[in-house]
C-alpha cells in the first residue's frame, strides 16, 4: 500500500516537473478552487486528491497517444462521478472527448487549473457591428464564434457592395469585438454568454428593422443565432448558408 502511494506521488511530481508547476500543494489548492468554481465545492479532500492524481496521469510526459487518451478518459469519468453521473460502465461516452484532449495535448496544449480571467457579470453589448455596402436590401451577417466577421464575409461583401447594405456582426472575443467575462460561478444549466449575445442581436434587429427590410444570415453558430428569432419583426427573415 505504501509502495503504491509512493509510486503515485512520484507520478504526480513528475507531471508537475514537466509542467513547471510550483508544488503539489499548489495543484491541490487550484484543483479545490476549480471544483468549487464548477459547483463542486463540497468535494472532499479524498475527491480532490483523486482528481489531482488523474490530472497528473494525463499530464505525464512520455505517454503514447492511446495511453494519454485513456488517462483523460479516466479523468473525465471521475469528474462526472463527482457531478453525480456514473460513466464507469459507459466509457465510450467520453472516448471522443478524451481523444480530442489527447490530440490537443500532443499538439502542445497543456493543462491549466487556474480559474479563467476575467470573471464578472455579463452586461451590455460585446458584439461588434460594421456596416458595408449601399444596396437596397439590408443583410445582417452573423459570423461564427472566434472569427472576425469582416474577414469571414470579405469576399461576399466585395462582390455585393452595390446590391446589399450589409451589417456585419462579429461575436464576442474575435476581431474588434471585446471578450465577455467568465461568470463568477460556472453553471452549465445557465447560459449568460449566449443570452447576452441573443439580447444584443435582438436590440440590433429591432433598431434596424424599423427603417429597413432585414434578412438575417449566419455561419455555423451565427446560423444558430439567426434561427433563434424566427418570429421577429414583420420584415425579419432568418436564414443561413
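Residue numbers (the working numbering): 1452 to 1692.
Backbone N, C-alpha and C fix where the C-beta goes; we use that ideal spot for every residue, glycine too.
**Item:** Residue from 1600, 1679, 1549 and 1583 with nearest C-alpha to residue 1519
**Value:** The residue you call residue 1519 lines up with position 68 of the chain shown. Per the Cα distances, 1549.
**Message:** So the candidates are 1503, 1505, 1511 and 1673; which of them puts its Cα closest to the Cα of residue 1599?
**Reply:** Here residue 1599 is taken as the residue at index 148 of the chain shown, counted from 1. Checking every option, the nearest Cα to that of residue 1599 belongs to 1673.
**Item:** Extent of the continuous beta strand (DSSP E) run through residue 1580
**Value:** On the chain shown, residue 1580 is found 129 positions in, with the first residue counted as 1. Here the beta strand (DSSP E) through residue 1580 covers 1579–1584.
**Message:** Given a cut-off of 8 Å on the beta-carbon distance, is the pair residue 1635 and residue 1570 in contact?
**Reply:** Here residue 1635 refers to the residue found at position 184 of the chain shown. Here residue 1570 refers to the residue found at position 119 of the chain shown. Taking 8 Å as the Cβ cut-off, residue 1635 and residue 1570 qualify as a contacting pair.
**Prompt:** Would you report the Cα separation of residue 1477 and residue 1611, rounded to the nearest angstrom?
**Reply:** As a working mapping, residue 1477 is identified with position 26 in the chain shown. As a working mapping, residue 1611 is identified with position 160 in the chain shown. Cα to Cα, residue 1477 sits roughly 56 Å from residue 1611.
**Residue range of the unbroken beta strand (DSSP E) whose run includes residue 1495** = To locate residue 1495, count along the chain shown from 1; it is residue 44. First-last for residue 1495: undefined, no H or E at that position.
**6 Å Cβ shell around residue 1675 - same chain, five flanking residues per side excluded** = Taking the chain shown and counting its residues from 1, one reaches residue 1675 at position 224. Hits under 6 Å: none found.
**Message:** Distance check for residue 1647 and residue 1616, CA to CA, integer angstroms please.
**Reply:** On the chain shown, position 165 is the one that residue 1616 refers to. On the chain shown, position 196 is the one that residue 1647 refers to. So the alpha carbons of these two residues sit roughly 25 Å apart.
**Request:** Could you name each continuous alpha helix (DSSP H) segment of 4 residues or more that falls completely within the stretch 1517–1584, going from the start of the chain to the end?
**Result:** 1546–1557
**Message:** As a quick exercise: from 1539, 1651, 1618 and 1614, pick the residue whose alpha carbon is nearest that of residue 1631.
**Reply:** Here residue 1631 corresponds to residue number 180 of the chain shown, with the count starting at 1. The option with the nearest alpha carbon to residue 1631 is 1651.
**Prompt:** Exposed or buried, what is residue 1525 when buried is set at 16 or more other beta-carbons lying within 10 Å of its beta-carbon?
**Reply:** For the purposes of this step, residue 1525 is taken as the residue at position 74 of the chain shown. So residue 1525 ends up on the buried side.
**Asked** Smallest Cα separation from residue 1543: which of 1509, 1527 and 1556?
**Response** To locate residue 1543, count along the chain shown from 1; it is residue 92. When each option's Cα is compared against that of residue 1543, the closest is 1527.
**Item:** Residue burial classification, residue 1558 (beta-carbon count within 10 angstroms, cutoff 16)
**Value:** The sequence position of residue 1558 within the chain shown is 107, counting from 1. The residue is exposed, with fewer than 16 neighbouring Cβ atoms inside 10 Å.
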